[in-house]
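J.: Dropping the structure in here first, questions after.
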Amino acid sequence: MEFQAWKRNALVIFENSFVYPFVHSGNQYKCFVCAKQFLDPNALKEHTTKEHNIKDLQKELNNRIRDKNLKIDITDLQCRVCLERLPNFEALIVHLKGHGKNVHLELKDNLIPFKLAGDTFECQVCGESFLKLRLLIIHMSKHFNNFNCEVCGSVFISLNLLKRHQQTHVSGNFPCDKCDKVFSNSAKRTLHMRGVHLKQLPRRCPICPERFNSNYQRTKHLRIVHNQTSGLYKCETCGREYDLKYHLLIHIRSVHLQERNQECSICNSRFFSKYCLSRHMVIHTGEKNFKCNVCGKAYARRKNLREHHRVHEMAQNCSVCGQNCEGQASLVAHMNSAHGVL
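In full-length UniProt numbering, the protein residues as written are 1 to 342.
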């Protein structure tokens with residue numbers, strides 16, 4: 001009954017306002033009813049108004065048995081009854097109730113509000129801004145906990161995000177088909193493929209195809225190449241800039257406010273995040289998961305392995321014939337092929 005109640009609530013809102021449901025896929029907006037795709041959310045809104053009615057929306061809602069929520073466009077918060085504009089989604093619901101409409105504020109959490117206008121996308125709950133809608137959708141999992149991971153308890157806004165996360169818990173052998181590395185889950189293998197073999201840096205410029213290894217490099221590129229300062233967030237204490245407000249807040253909390261809410265159960269040292277705590281724990285567990293593919297030496301941290309790799313990259317002389325080899329791996333290959341030394 002509760003599952004149907006939020007759907008009825010949604011239909012009353014759609015029928016009496018200019019709020020629309022939508023589906024987001026890649027960089028396109030899909031019609032909730034017929035799945036027609038649009039690059040412009042305004043074109044989608046016009047299409048929905050002209051091509052579909054409330055019965056179409058009701059039929060599609062009934063077909064979506066597993067759905068626990070809907071993404072809705074609240075860019076135009078206007079009442080269809082009296083054409084009054086409202087400041088926020090909650091105010092719209094209260095206003096419709098004043099018209100005698102059977103709408104309930106307590107069921108609003110199944111409707112996830114987005115404003116699809118402007119160069120950035122702002123969270124309608126906490127005000128944080130994002131350059132891409134996809135990033136905002138992931139962020140909204142903090143506020144709308146509809147799908148829970150049974151393994152670690154993480155919560156997600158959609159079933160697709162939960163399924164993607166669950167891949168990180170699937171253990172087994174996932175070999176790379178380009179090299180001899182084997183990974184414990186498919187997500188790690190995908191990251192390896194993109195970073196090592198496809199040379200695909202993780203962060204992309206929202207304006208051009210350029211990719212970067214860090215947010216700092218991307219922010220610098222946006223400022224110098226595209227002359228873009230709007231949307232960049234600057235720390236007033238040290239001057240560092242971030243392209244996401246969320247990253248600026250993390251910087252302020254960890255560096256300037258010195259927040260340390262995660263405590264080690266063994267030595268009582270305190271850390272800013274669970275990630276920082278997990279990195280510290282290798283001191284106590286002795287785990288060394290980063291192994292050199294040249295000599296087999298293992299390290300607890302990737303940074304230490306990278307420093308170790310420099311030893312192998314330095315020029316090496318063959319002790320038999322004196323030939324200069326570029327690094328330890330090259331020397332081993334030379335010794336094997338030229339002198340038969342394995």
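Virtual Cβ for every residue (Gly too), placed ideally from N, Cα, C.
Measuring CA to CA, which of Val311, Arg310, His309 and Val332 is closest to valine 320?
T.: Out of Val311, Arg310, His309 and Val332, Val332 has the C-alpha closest to the C-alpha of valine 320.
J.: For phenylalanine 144, tell me which candidate among Leu159, Leu131 and Arg194 has the shortest Cα-Cα distance.
T.: Checking every option, the nearest Cα to that of phenylalanine 144 belongs to Leu159.
J.: Just tell me which of Asn227, Leu249, Ile224 and Gln228 has its CA closest to the CA of glutamate 236.
T.: Ranking the options by Cα distance to glutamate 236, first place goes to Leu249.
J.: Assuming contact is defined by CB atoms lying nearer than 8 Å, are leucine 133 and phenylalanine 147 in contact in what I supplied?
T.: No, Cβ-Cβ distance for leucine 133 and phenylalanine 147 is not below 8 Å.
J.: What residue range does the alpha helix (DSSP H) around proline 113 cover?
T.: Per DSSP, proline 113 belongs to no alpha helix (DSSP H); it is in the beta strand (DSSP E), 111 to 114.
J.: With H, G and I counted as helix, E and B as strand and the rest as coil, what does DSSP make of glutamate 2?
T.: Caution applies to glutamate 2, whose pLDDT of 46 falls short of 50 and renders its modelled position unreliable; the value that the coordinates give is listed next. Looking at glutamate 2 - three-state DSSP - the assignment turns out to be helix.
J.: Going by DSSP in three states, arginine 64 sits in which element: helix, strand or coil?
T.: Coil.
J.: DSSP state of aspartate 56, grouped into three classes?
T.: Correct three-state label for aspartate 56: helix.
J.: So glutamine 262 and cysteine 276 are in contact, right, with Cβ under 8 Å, and what is the actual spacing, rounded?
T.: Confirmed, about 7 Å.
J.: When you compare only the Cα positions, how much space is there between histidine 104 and histidine 95?
T.: For histidine 104 and histidine 95, the distance between alpha carbons rounds to 11 Å.
J.: Just confirm the distance between the C-beta atoms of histidine 308 and cysteine 318, as a whole number of angstroms; I'd bet it's less than 8 Å.
T.: About 22 Å separates the two Cβ atoms, so there is no contact after all.
J.: Give a yes or no on whether the minimum CB-CB distance between arginine 85 and chain D is below 8 Å.
T.: The structure shown contains no chain D, having only a single protein chain.
J.: Is it the case that the Cβ atoms of asparagine 110 and asparagine 69 are separated by a distance below 8 Å?
T.: It is a contact, given that the beta carbons lie within the stated cut-off.
J.: Look at the Cβ atom of leucine 107, then the Cβ atom of alanine 5, and state whether they are nearer than 8 Å.
T.: Result yes, Cβ atoms of leucine 107 and alanine 5 sit closer than 8 Å.
J.: Around the Cβ of cysteine 152, are there at least 16 other Cβ atoms within 10 angstroms (buried) or fewer (exposed)?
T.: Looking at its Cβ environment, which holds fewer than 16 other Cβ atoms inside 10 Å, cysteine 152 is exposed.
J.: Ignore the nearest five residues each way along the sequence and tell me which others in proline 21's own chain have a CB closer than 6 Å to its CB.
T.: Counting only Cβ-Cβ distances below 6 Å, and skipping sequence neighbours, we find Phe32, Leu70 and Ile72.
J.: What would DSSP say about alanine 300, mapped onto helix, strand or coil?
T.: Correct three-state label for alanine 300: coil.
J.: How do the stretch 36 to 51 and the stretch 79 to 91 stand: do at least 3 beta-carbon pairs fall below 8 Å, yes or no?
T.: Taking 8 Å as the limit for Cβ pairs, the verdict is that the stretch 79 to 91 does not touch the stretch 36 to 51.
J.: Closest to glycine 118 by CA distance: which of Pro175, Asp40 and Glu210 is it?
T.: Among Pro175, Asp40 and Glu210, the Cα nearest to that of glycine 118 belongs to Asp40.
J.: Just list the residues that DSSP pairs leucine 70 with in beta bridges.
T.: DSSP lists Leu111 as partners of leucine 70.
J.: In this structure, does DSSP put phenylalanine 174 in helix, strand or coil?
T.: In the structure shown, phenylalanine 174 sits in a strand (DSSP, three-state: E or B).
J.: One question on the structure: do arginine 204 and arginine 211 come within less than 8 Å of each other, judged by their Cβ atoms?
T.: Yes.
J.: Would you list, in sequence order, the uninterrupted beta strand (DSSP E) runs of no fewer than 3 residues that lie entirely inside the UniProt domain "C2H2-type" (29 to 52)?
T.: If we require 3 residues or more, the UniProt domain "C2H2-type" (29 to 52) turns out to have no beta strand (DSSP E) run fully inside it.
J.: Check whether the Cβ atoms of cysteine 82 and serine 17 lie closer than 8 Å to each other.
T.: No, these two residues do not count as a Cβ contact at 8 Å.
J.: Along the chain, where does the alpha helix (DSSP H) containing serine 186 start, and where does it finish?
T.: Taken as a continuous stretch (DSSP letters only), the alpha helix (DSSP H) holding serine 186 covers 186 to 192.
J.: For cysteine 295, is the classification buried or exposed, using 16 other Cβ atoms within 10 angstroms of its Cβ as the cut-off for buried?
T.: Classification for cysteine 295: exposed.
J.: Give me the DSSP bridge partner(s) of histidine 24.
T.: Beta-bridge pairing links histidine 24 to Tyr29.
J.: Under three-state DSSP, which class holds arginine 306?
T.: Three-state result, arginine 306: helix.
J.: Here's a check: name, in chain order, each residue in its chain whose Cβ is nearer than 6 Å to the Cβ of phenylalanine 183, leaving out the five neighbours to either side.
T.: Taken in chain order, the residues that qualify are Phe174 and Arg189.
J.: Under three-state DSSP, which class holds valine 311?
T.: Residue state, collapsed to three classes: helix.
J.: Considering just the uninterrupted stretch of the alpha helix (DSSP H) at arginine 279, what are its terminal residues?
T.: Start and end: 274 to 285.
J.: So who's on the other strand from valine 155, going by DSSP bridges?
T.: DSSP, once it has assigned bridges, lists Asn148 as partnering valine 155.
J.: If we require 3 or more residues per run, which beta strand (DSSP E) segments fall completely within the stretch 240 to 265?
T.: Complete beta strand (DSSP E) runs here, min 3: none at all.
J.: Run the CB neighbour count on asparagine 9, radius 10 Å, all protein chains shown included, and call it buried at 16 or more, exposed below.
T.: The residue is buried, with at least 16 neighbouring Cβ atoms inside 10 Å.
J.: From this set, His197, Lys199, Arg223 and Leu198, which residue's C-alpha is nearest proline 206's C-alpha?
T.: Ranking His197, Lys199, Arg223 and Leu198 by Cα distance to proline 206 puts Arg223 first.
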